[in-house]
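Enquirer:
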Amino acid sequence: MTDTLDGARAWLAQDPDPVTRAELSALLVRVEAEEPEAVSELDDRFGHRLEFGTAGLRGALGAGPNRMNRVVVMRAAAGLGAWLGGAGRHVVVGHDARYRSDDFAADTAAVLTGAGHRVSVLPGALPTPVLAFAVRELGADAGVMVTASHNPPQDNGYKGYVGGAGEDAGTQIVAPADTEISAAIDRVGPVGELPLGTDWTRLGPEVLERYLAAVAALVPEGPREVSATYTAMHGVGGRVLTAALERAGFPRPTVVAEQFDPDPDFPTVAFPNPEEPGAMDLALRAGEANGADVVVANDPDADRLAVAVPGHGMLTGDEVGGLIAEYVLDHTSGERAVATSIVSSTLLGRIARARGVHFDETLTGFKWLARAGGERRRVFSYEEALGYCVGGDGARPVADKDGISAALVLLSLAAGARQDGRTLLDLLDDQARRHGLHLTDQLSVRVADLSLLTGTMRRLRSDPPEAFGPFAVEGVDDFAAGHSELPPTDALRFRLEGGGRVTLRPSGTEPKLKAYAEIVLETADDVGSTRVRGARMLAEVMASVSAAVRGQ
7 MTDTLDGARA
17 WLAQDPDPVT
27 RAELSALLVR
37 VEAEEPEAVS
47 ELDDRFGHRL
57 EFGTAGLRGA
67 LGAGPNRMNR
77 VVVMRAAAGL
87 GAWLGGAGRH
97 VVVGHDARYR
107 SDDFAADTAA
117 VLTGAGHRVS
127 VLPGALPTPV
137 LAFAVRELGA
147 DAGVMVTASH
157 NPPQDNGYKG
167 YVGGAGEDAG
177 TQIVAPADTE
187 ISAAIDRVGP
197 VGELPLGTDW
207 TRLGPEVLER
217 YLAAVAALVP
227 EGPREVSATY
237 TAMHGVGGRV
247 LTAALERAGF
257 PRPTVVAEQF
267 DPDPDFPTVA
277 FPNPEEPGAM
287 DLALRAGEAN
297 GADVVVANDP
307 DADRLAVAVP
317 GHGMLTGDEV
327 GGLIAEYVLD
337 HTSGERAVAT
347 SIVSSTLLGR
357 IARARGVHFD
367 ETLTGFKWLA
377 RAGGERRRVF
387 SYEEALGYCV
397 GGDGARPVAD
407 KDGISAALVL
417 LSLAAGARQD
427 GRTLLDLLDD
437 QARRHGLHLT
447 DQLSVRVADL
457 SLLTGTMRRL
467 RSDPPEAFGP
477 FAVEGVDDFA
487 AGHSELPPTD
497 ALRFRLEGGG
507 RVTLRPSGTE
517 PKLKAYAEIV
527 LETADDVGST
537 RVRGARMLAE
547 VMASVSAAVR
557 GQ
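Numbering (my numbering), first residue to last: 7 to 558.
1) Look at the alpha carbon of L458 and the alpha carbon of A521, and state the distance between them as a whole number of angstroms.
2) Counting only runs that start and end within the stretch 139-184, where is the alpha helix (DSSP H) found for 4 or more residues in a row?
3) Can you give me the start and stop residues for the beta strand (DSSP E) that L498 sits inside?
4) By the three-class DSSP mapping on this structure, what secondary structure does V225 have?
5) Quick one: complete alpha helix (DSSP H) runs, 4+ long, within the stretch 385-459?
6) Please confirm whether P270 and R76 have their CB atoms less than 8 angstroms apart.
7) Are the stretch 313-330 and the stretch 262-277 touching, with three or more C-beta to C-beta distances below 8 angstroms?
8) I think F365 touches E389, with their Cβ atoms under 8 angstroms apart; what is that distance to the nearest whole Å?
9) Please report the distance separating the alpha-carbon of T460 from that of Y164.
10) Using the DSSP secondary-structure output, state which residues sit across from Y522 in a beta bridge.
11) Consult DSSP for D484 and reduce its assignment to one of helix, strand or coil.
12) If you count every other CB in all the chains shown that lies within 10 Å of the CB of S31, and 16 or more means buried, which is it?
13) Quickly, what does DSSP pair M320 with across the bridge? List them, please.
14) Taking 8 angstroms as the cut-off, decide whether the C-beta atoms of L335 and P316 are in contact.
15) DSSP state of T368, grouped into three classes?
16) Based on DSSP bridge pairs, tell me the residues matched to R556.
17) State buried or exposed for Q437, treating a residue as buried only when at least 16 other CB atoms are found within 10 Å of its CB.
18) Measure the alpha-carbon distance for S351 versus E528 and round it to whole angstroms.
19) Which class does G59 belong to by DSSP, given the choice of helix, strand or coil?
20) Which of the three DSSP states, helix, strand or coil, is assigned to N304?
21) Per DSSP, G100 forms a beta bridge with which residues?
22) Taking 7 angstroms as the limit between beta carbons, can you name the residues of its chain near L200, skipping five residues before and five after?
23) Just confirm the distance between the C-beta atoms of D6 and P280, as a whole number of angstroms; I'd bet it's less than 8 angstroms.
24) Express the C-alpha separation of D109 and T204 in angstroms, rounding to a whole number.
25) Would you report the Cα separation of G62 and V479, rounded to the nearest angstrom?
26) With distance defined between alpha-carbon atoms, name the residue in W206, R193, A254, G297 nearest to S233.
27) Please classify S31: does DSSP put it in a helix, a strand, or coil?
28) Within 8 angstroms, do at least three Cβ pairs link the stretch 179-188 to the stretch 202-220?
29) Can you name, in chain order, every residue of its own chain whose Cβ lies under 6 angstroms from the Cβ of L375, other than the five neighbours on each side?
30) With D147 and G170 assumed to form a contact (beta carbons below 8 angstroms), what rounded beta-carbon distance in angstroms separates them?
31) Quick one: using the 10 Å Cβ neighbour count with 16 as the cut-off for buried, is H318 buried or exposed?
32) Identify the residues that DSSP records as bridge partners of Y236: which are they?
33) Can you list, in chain order, the residues of its chain with a C-beta nearer than 6 angstroms to that of M74? Leave out the 5 residues immediately preceding and following it.
34) For A345, which beta-bridge partners are listed by DSSP?
35) Buried or exposed: T26, going by 16 or more other Cβ atoms within 10 Å of its Cβ?
36) Does the count of Cβ pairs from the stretch 481-488 and the stretch 430-448 closer than 8 angstroms reach three?
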């Protein structure tokens, strides 16, 4: 406990933030009074630390190395600046509208400028894809986005992007850069000794205008009449999305007013993630009341897109991914590539084979998807967690997931269906007739002890199930030592008869095991009855997946 107290007092001495200094001082008073809860909290704050990984940093706001605060951010900026090497590198910094995001962006700019780098800060709170675009557009050497995406209100985060002139420009950091930056952070001394600069540049509205022009150009000429209801989920996407729609010639959507303006408290949702139960309730009710063709939503930093059809409910990320993929391939030409992750549906692979297009499967996360396709022109990539990256016959404006450009493409697709007297649901049925009905579902099993995840994965490797629901297991792919030229990762995939599969992996950010299931059924004209039968079979698969994961 003495070491923890010494660390807390040393932290207090260097903390430039009066808010977290007062918070930590009050906690130390309680610790000195030997309050058990205070002792436990201090140990959590100072007995661990946020690790800089491929997703950067993310955690709850507060004092200490295991929280997001100005000291942690300044150290991260100093480590990034040292990793860039030398002086004079160009870094673009952006931020969302969460608590302290603007402060963390300003601290990042000050530290990097003080280290001799050239820093450009985006003009206000903007979506993550605008930052990714700016890194590419401005030819910067790196980018930093202060955001916790769809995390709870008490969190914030710090994402790093690489720059340069190649196709990787504007993509998330991957290994070994993450460990190199982490090591550089470890070498940073007290933040009070860091030189701070003030001559960084605040970019004007032209960078956003260039982004809007680039994403609007992704949508080819065609029908524009579509009735849409939109929610920004209290994030920064609202004004950017509506401006992009106007630029591309779409009618203004009906917006969910209670969720349109940025609000770091996220007052109308328990969890500001469109995937979470209840998060889309206001938008769905508004869409039904408005008689909308489609309901669309961004998450708070607008790098993801959720889609629903009034009267039907949410579409899965795989369903949206399949629809956008065929639309993009219909409107592009030449040698192309598409990609998705190992936990997403096999539908994209079928579409690619049918069209003679190169297909890649990567590990989860856009840090991998953004690098798929090799030298080929990658026109589309997606992951089931509502992330989509759309390209075209020209260059991709963003090399990361982008919920704004994906919304434009999806609404263009819906407008074409409406002109023909059809809906997105009809297009899904058409796709099932062409490529088979692909039904997917997932579950997460949260644990209190991370060692339980290791034990579960070990048990399933040594004694794999023979079947999931009505489908026999025909083979097992173990990704622990690498598979099909992919880097090693802790994941198992059980290949099911009929082309389905069950994939298991521990979460990279939370103490839970995630399971993804897919079944594939060939279908004729009566897609409806096949969907009913498939839903019943998928439910049986999910029940057996749950039992297998829990050792039942």
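Note that beta-carbon positions come from the ideal geometry of N, C-alpha and C, so glycine has one too.
Expert: Based on what the coordinates show:
1) Indexing the sequence shown from 1 puts residue 458 at position 452. Indexing the sequence shown from 1 puts residue 521 at position 515. Approximately 15 angstroms, taken between the alpha carbons.
2) none
3) Along the sequence shown, read from residue 1 onward, the residue named residue 498 stands at position 492. Note, L498: beta strand (DSSP E), 498-502.
4) To locate residue 225, count along the sequence shown from 1; it is residue 219. In this structure, V225 counts as coil in the three-state DSSP scheme.
5) 409-425, 430-441
6) Locating residue 270 in the sequence shown gives position 264, where the first residue counts as 1. Locating residue 76 in the sequence shown gives position 70, where the first residue counts as 1. Their beta carbons are not under 8 angstroms apart, which means P270 does not touch R76 by this criterion.
7) no
8) Within the sequence shown, the letter at position 359 stands for residue 365. Within the sequence shown, the letter at position 383 stands for residue 389. The pair is not a contact, with the Cβ atoms about 14 angstroms apart (cut-off 8 angstroms).
9) As a first step, residue 460 must be located in the sequence shown, where it is residue number 454. As a first step, residue 164 must be located in the sequence shown, where it is residue number 158. Taking the straight line from one Cα to the other gives about 28 angstroms.
10) Locating residue 522 in the sequence shown gives position 516, where the first residue counts as 1. For Y522, the pairing in a beta bridge is given by DSSP as Q448, T509.
11) Here the question's residue 484 lines up with position 478 in the sequence shown. Note: D484 maps to strand in three-state DSSP.
12) Sequence index remark: in the sequence shown, residue 31 carries index 25 (1-based). Exposed.
13) To locate residue 320, count along the sequence shown from 1; it is residue 314. BP columns for M320 point to A314.
14) Within the sequence shown, numbered from 1, the residue matching residue 335 stands at position 329. Within the sequence shown, numbered from 1, the residue matching residue 316 stands at position 310. No.
15) Position 362 of the sequence shown, counted from the start, is the residue given in the question as residue 368. Three-state DSSP puts T368 in a strand.
16) On the sequence shown, residue 556 is found 550 positions in, with the first residue counted as 1. In the DSSP output, where bridge partners are listed per residue, R556 has none listed.
17) Residue mapping note: residue 437 aligns to position 431 of the sequence shown, counting from 1. By the 10 Å Cβ count, Q437 comes out buried.
18) The sequence position of residue 351 within the sequence shown is 345, counting from 1. The sequence position of residue 528 within the sequence shown is 522, counting from 1. Cα atoms of S351 and E528: separation of roughly 15 angstroms, rounded to the nearest angstrom.
19) In the sequence shown, counting from the first residue as 1, residue 59 sits at position 53. If DSSP states are grouped into helix, strand and coil, G59 belongs with the strands.
20) Taking the sequence shown and counting its residues from 1, the one referred to as residue 304 is at position 298. If DSSP states are grouped into helix, strand and coil, N304 belongs with the strands.
21) Sequence index remark: in the sequence shown, residue 100 carries index 94 (1-based). Note: G100 sits in a beta bridge opposite M151.
22) Walking along the sequence shown from the start, residue 200 turns up at place 194. Cβ within range, chain order: M80, A84, V117, G120.
23) Since the first residue of the chain shown is 7 and the last is 558, residue 6 is not available in this structure.
24) Against the sequence shown, residue 204 aligns to sequence position 198. Against the sequence shown, residue 109 aligns to sequence position 103. Straight-line Cα distance between these residues: approximately 14 angstroms.
25) Along the sequence shown, one-based indexing puts residue 62 at 56. Along the sequence shown, one-based indexing puts residue 479 at 473. If you take the alpha carbons of G62 and V479, they lie about 37 angstroms apart.
26) On the sequence shown, residue 233 is found 227 positions in, with the first residue counted as 1. It is G297.
27) On the sequence shown, residue 31 is found 25 positions in, with the first residue counted as 1. Helix at S31.
28) Touching, no.
29) To locate residue 375, count along the sequence shown from 1; it is residue 369. The answer, listed in chain order, is A345, T368, S387.
30) As a first step, residue 147 must be located in the sequence shown, where it is residue number 141. As a first step, residue 170 must be located in the sequence shown, where it is residue number 164. About 7 angstroms separates the two Cβ atoms, so the contact holds.
31) Your numbering for residue 318 matches position 312 in the sequence shown. The residue in question, H318, is exposed, as its Cβ has fewer than 16 Cβ neighbours within 10 Å.
32) For this step, residue 236 is matched to residue 230 along the sequence shown. Partner(s): V261, V302.
33) Position 68 of the sequence shown, counting from 1, holds the residue named residue 74. These residues qualify, in order along the chain: G65, L67, N162.
34) Counting from one through the sequence shown, the residue named residue 345 turns up at place 339. Note: A345 sits in a beta bridge opposite D366, S387.
35) Walking along the sequence shown from the start, residue 26 turns up at place 20. That one is buried.
36) With a cut-off of 8 angstroms, the stretch 430-448 and the stretch 481-488 do not count as touching, because too few Cβ pairs lie within range.
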